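Q:
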Amino acid sequence: MERDVPVPADVCPAANPDGEPAGEPPERAGNVGHHAPSQAAMVFGIFALVFNVSLLFAVFGILLGIAAVILGSVNLRRHRHAKAGLVLGLISFVPPMAYVLTTLAIIRSDPLLF
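If you're matching positions, the sequence shown starts at 688 in this note's numbering and goes up one per residue.
1. Alpha carbon to alpha carbon, how far is I793 from G732?
2. Alpha carbon to alpha carbon, how far is L750 from L736?
3. Return the first residue and the last residue of the alpha helix (DSSP H) that N739 is part of.
4. Counting pairs of beta carbons, one from the segment 722–729 and one from the segment 758–769, are three or more of them closer than 8 Å?
5. Which residues in the same chain have their Cβ closer than 7 Å to the Cβ of A754, if we skip the five residues on either side of it in sequence?
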């Protein structure tokens, strides 16, 4: 006949001190998506840089760069993803400006070209 004796939690590895099975993850805190704007800034900055370097979707790249700079600057003090998004968003403006300045230099150097 088997006795029903409680086993301490430190002896039984299959249970937490709360009595829950050890295999289940604990419930998450209420602020699950607090990194979302910072991560969005980083992702927007990456896509903005890729789009602006390729020049195929430069308009989308400029819009994503603006969004990355805004989201990165809003969350700058909270998360490091925001700093990455801000830096990538600012760097993404360099290729379009270089293309525009190069085009203007070519037009000014030879007025008969255009």
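The C-beta atom is built at its ideal place from N, Cα and C for all residues, glycine as well.
Here the structure is a predicted model, which is why all the values come from computation and not from measurement.
A: Let's see:
1. 30 Å
2. 11 Å
3. 723–741
4. yes
5. F731
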